[in-house]
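A.B. asks:
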Amino acid sequence: MTEPQRDITYILHWGDLTATVRMLAAAKTIRDTYRRDRIILLTTPDFESLLKHCPWFNAIETDACPDTRPMAGLRDKRLKLAKPARVFDLVGSADSRKIKGNFRFAKTKWHEVAPVADAGVHPVDAAAGVLNGVLGFEPTRFPLGGAPAPDASWVDFLAKQSRMLDPEYFGLNGPFALLAPAGDSVKPALRWPKEKWAALAHELLQSGITPALIGGPDTRDVGRHVSQVTPGARDLTGKAKLPQLAGLARRTRFVFSEDTPLIHLLTASGAPALALYGNVDDPAPLAPRGPSPVILMHATTLAQVTPEEAIAAMRFAGGFADAPAAA
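For what it's worth, this note's numbering labels the leading residue of the sequence shown as 8, then goes sequentially.
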C-alpha cells in the first residue's frame, strides 16, 4: 500500500539573524497546524547551516533571491511544478511579490503573514496575530510579550549527534556564562567599553563561573583584550558556528550582550539573558524572546552601566542558580 501524497507548504523568509530567529515562532505554528505536510523553507544561504537542523522544515531551498535572471526563472519553474497547496509569505517584499505573481492562475493559497511595523508592538507578537488571522485561530492581536516565543530548543537533538556542541569541546568545564559583545561595525557609543567586559569577566571568575566571549570575527578585539587581562576567561570569538552557539546557550548559566542579533538566537535556545540597550526610548518592542527570563537594561550612555549592576541583574534572573535554566 502506497502512502497518500502529502500536500506541499512553502514558507518564504529571508533576512538578518534577528528576523530569522523571530521567524521560528511562526514556523512552529505552521508546522503544528499542518503536521502531515511537506514544508519547504525558501530562503537565502546565509543561515542554512542552522536552519537545516530545524525539525519544522522538511527541506531548505536557498535560491530565494538569485543573482541572475535565468536562475530566477529556474526557481519559479521549480516552485510552480511543485504545485504547493499553500505558501506563507513571511517577507512581504518586492522579491516575494514577484514570486507571488507566478501563482496568479494557480490553485495555491497565498498567505501574506509579514507583520506590519507598528510602534510599541513586538514583531513576534505582530506576526503571530496576523498568522492566527490567516489560520482562523484566536487571538488575532497579542499584547506585548503575549505571543509564543521563538524556540530553538531543537538544537538538543543535534547536540546528541555531535560533541562539537558540547561545552567541553571549547574547553568549558563547569559552570560558564556567555558574553556576546557587539562588533567593530557598531558605533562606539552603542558598545560597552572593553575594560568593563574584562571587569565583568573578573567578577564572574571570582564567583566560580567561567566567562566565555563569543561573537563573529568583528568581536575578536574585545575577546583578545578580555582573555589577556583576565586569565581564565575563554575567548571563543570567531571560533564557533551558529549551531554550536545555540548548543552552548542550552548549557550556559547566563548570557550578557549588547543589542546584537546573536542574543536573539541565544535566548531562543533557552538561556536566561541580560540585554544592554542604548539610544532607544523603549527596548521592550525590540527585545530578544525566549522561554527563560530576559532582563533589559537601558542607559543613555552604555558606559554608565557597571559590572556590579550586570552581576546583580544576572543574580535576579537566576543566572547563579545551581543548574542552567535551559539544561
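In this text, a Cβ means the ideal position worked out from N, Cα and C, and glycines have one as well.
(1) So, for residue 178: in the same chain, excluding its five sequence neighbours on each side, which residues have a beta-carbon less than 8 Å away from its beta-carbon?
(2) Tell me whether residue 123 sits in a helix, a strand or coil according to DSSP, three-state version.
(3) Out of curiosity, what's the CA-to-CA distance linking residue 80 and residue 90?
(4) If you check the beta carbons only, do residue 99 and residue 133 fall under 8 Å apart?
(5) Would you call the segment 208-228 and the segment 252-264 touching, i.e. three or more CB-CB distances under 8 Å?
(6) Compare the beta carbon distance of residue 252 and residue 272 with 8 Å and say whether it is the shorter of the two.
(7) For the pair the segment 227-243 and the segment 288-295, tell me if three or more CB-CB distances fall below 8 Å.
(8) Where does the unbroken beta strand (DSSP E) through residue 96 begin, and where does it stop?
(9) Taking the C-alpha atoms as reference points, what is the distance between residue 325 and residue 181?
(10) Among residues of its own chain, excluding the 5 on either side of residue 30, which ones have a beta-carbon nearer than 7 Å to its beta-carbon?
(11) Locate the beta strand (DSSP E) running through residue 45, then write down its first and last residues.
(12) Would you tell me roughly how many angstroms separate the C-alpha atoms of residue 43 and residue 292, rounded to the nearest one?
(13) With 16 other CB atoms within 10 Å as the buried threshold, where does residue 112 fall?
(14) Quick test of your reading: residue 129 and residue 152, contact by CB under 8 Å. State the CB separation rounded to the nearest angstrom.
(15) Can you list, in chain order, the stretches of the alpha helix (DSSP H) that have 4 or more residues and sit fully within the segment 16-83?
(16) Beta-carbon separation of residue 249 and residue 48 under 8 Å?
(17) Would DSSP call residue 167 helix, strand or coil?
(18) Mind reading off the beta-carbon distance from residue 197 to residue 265? Whole number of angstroms is fine, and I expect it under 8 Å.
(19) Between which two residues does the beta strand (DSSP E) harbouring residue 283 extend?
(20) With DSSP as the reference, identify every bridge partner of residue 138, one or two as the case may be.
(21) By DSSP's criteria, residue 242 is part of a beta bridge. Which residues make up the other side?
(22) Suppose you measure from the CA of residue 51 to the CA of residue 213; what does that come to, to the nearest Å?
(23) Taking the beta carbon of residue 211 as the centre, do at least 16 other beta carbons fall within 10 Å, making it buried, or is it exposed?
(24) Between which residues of its own chain and residue 308 is the CB-CB distance below 8 Å, once the five residues before and five after are set aside?
(25) Tell me the rounded alpha-carbon separation between residue 310 and residue 53.
C.D. replies: By the coordinates alone:
(1) 241
(2) coil
(3) 16 Å
(4) no
(5) yes
(6) yes
(7) no
(8) 93-96
(9) 17 Å
(10) 20 and 97
(11) 45-49
(12) 34 Å
(13) exposed
(14) 7 Å
(15) 24-40 and 55-58
(16) no
(17) helix
(18) 7 Å
(19) 280-284
(20) Paired residues: none, contrary to the question.
(21) 220
(22) 44 Å
(23) buried
(24) 196 and 285
(25) 33 Å
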